[in-house]
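Notes follow the structure.
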Amino acid sequence: MGRYRSILASILALVMVFLVSCGTATATKPPTYTSVQLEQIQDYQSRLGVFRNRMTELETFIGNRDWNNVRSLIHGPLGQLRQDMGYISRQLLPKDQKAALQGARDVFGHLEAIDAAGDTGNLEVAFANYREALKDFDAFTALLPATGSN
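Reminder that position 102 of the sequence shown reads as 165 in the numbering used here, one-by-one numbering, no gaps.
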């Protein structure tokens with residue numbers, strides 16, 4: 064009886080191996096954007112373009128040492144930028160999300176540093192962070208998918 068059990072177990076194991084080896088793996092589609100996601104990203108891309116143009120105003124304010132307007136611009140119109148960049152980052156494909164979220168954090172780190180430089184009147188630090196903020200902002204927008212209206 065024990066002999067039959069071991070033979071039966073061996074046969075069942077062979078059948079299982081055969082069935083598993085004959086099975087085909089299902090190919091998974093790579094993640095893509097839905098038309099709704101692309102439309103939302105396109106809407107936010109146009110907003111980002113407006114914010115990018117507003118960021119260039121910082122250069123003039125910093126150059127004139129107009130720290131009050133620097134602070135007003137950062138905390139006013141550019142305050143919405145943080146929320147929009149975060150939303151867009153969450154709409155991206157998983158492979159791009161981490162870099163986009165880090166890029167958004169970097170932009171705001173630089174904007175906060177510009178604000179702090181304004182408190183101390185440090186022109187060099189403000190300009191250095193302004194240049195880095197633009198560079199990081201442009202790197203962020205490069206992660207966005209082409210929507211046809213860029």
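Glycine included, C-beta positions come from ideal geometry on N, C-alpha and C.
Residues in the same chain with beta-carbon distance under 7 Å from residue i, minus the five sequence neighbours each way, listed in chain order, please.
i, result
"F190", "I125"
"I238", "With the chain represented from 64 up to 213, any question about residue 238 goes unanswered, as that position is not in the structure."
"R110", "D147"
How many angstroms separate the CA atom of residue i from the CA atom of residue j?
i, j, result
"E195", "T91", "39 Å"
"I104", "L206", "11 Å"
"A163", "L156", "10 Å"
"D159", "P208", "10 Å"
"Y107", "Q143", "11 Å"
"P41", "N132", "In the structure as shown, the chain starts at 64 and stops at 213, and residue 41 therefore has no counterpart that could be examined."
"N185", "P140", "23 Å"
"M255", "C85", "As shown, the chain starts at 64 and ends at 213. That puts residue 255 outside it, with no answer to give."
"I70", "L82", "18 Å"
"F203", "E187", "24 Å"
"K198", "R115", "11 Å"
In its own chain, which residues sit with a C-beta less than 8 Å from the C-beta of residue i, not counting the 5 before and 5 after it?
i, result
"F135", "The sequence given here has Ser at residue 135, not Phe. Nothing listed; no residue qualifies."
"S98", "none"
Can you list, in chain order, the residues of its chain with a C-beta nearer than 6 Å to that of residue i? Leave out the 5 residues immediately preceding and following it.
i, result
"Q100", "Q154"
"T119", "none"
Does any residue of chain B have a CB that is nearer than 7 Å to the CB of residue i?
i, result
"T204", "In the displayed structure, chain B is absent; only one protein chain is listed."
Quick check: the stretch 168-186 against the stretch 118-128, are there 3 or more CB pairs under 8 Å? Enough Cβ pairs lie closer than 8 Å, so yes.
Do the stretch 143-153 and the stretch 161-172 make contact, defined as three or more Cβ pairs closer than 8 Å? yes
Alpha helix (DSSP H) segments (min. 4 residues) lying fully within the stretch 133-185: 142-154, 157-183, all fully within the stretch 133-185.
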